[in-house]
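Sequence positions in the sequence shown follow mature numbering (1 follows the signal peptide of the UniProt record, and there is no 0) and run -17 to -1, 1 to 87.
Where a beta carbon is used, it is the ideal one built from N, C-alpha and C, also for glycine.
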Amino acid sequence: MLFVHFLLAPGLGRAQAEAAQAADPEEFSFFFVFLLLVFFFVFFVFFLLLLLLLLLLLLFVLLVLLLFVLLVLLLLLLLMILLLLLLFCAEKRRRGEKEGTGRA
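Okay, here's the thing in structure tokens:
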């Protein structure tokens, strides 16, 4: 294998060729696996943060819709109270006219 290094890189000295030969390829594979794991971990954390952001956005939209529905229900309640008040006043006026004490 040392001979191959001399053929591929004749400018290398013997010590550099031996150092290149002595470099364990498993160290590089572990390093690349480590980089891959770090990349996937960062991607996974980014994906989780994005998912959390989308869930918060969905929660905010649902909260706004809930407030809108509550506002509409409150307006309907006020309208119902107003209509009942008008009905009560009209019934009171009708009874007063029937008895002859109604106001013009």
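Distance, Cα to Cα, residue i vs residue j?
i, j, result
"residue 62", "residue 76", "21 Å"
"residue 29", "residue 22", "10 Å"
"residue 72", "residue 54", "27 Å"
"residue 58", "residue 64", "10 Å"
"residue 27", "residue 60", "49 Å"
"residue 12", "residue 38", "38 Å"
"residue 67", "residue 82", "23 Å"
"residue 45", "residue 25", "30 Å"
"residue 79", "residue 70", "14 Å"
"residue 18", "residue 31", "20 Å"
Can you find the residues in the same chain that come closer than 8 Å, C-beta to C-beta, to residue i, ignoring five residues on each side of it along the sequence?
i, result
"residue 52", "none"
"residue 43", "none"
DSSP three-state label for residue i, please.
i, result
"residue 95", "Here the chain covers residues -17 to 87 and nothing more, so residue 95 does not appear."
Which residues in the same chain as residue i place their Cβ atom closer than 7 Å to its Cβ, once the five residues preceding and following it in sequence are excluded?
i, result
"residue 16", "none"
Give every residue of the same chain whose Cβ lies closer than 6 Å to the Cβ of residue i, excluding the five residues on either side of it in the sequence, and list them in chain order.
i, result
"residue 74", "none"
"residue 50", "none"
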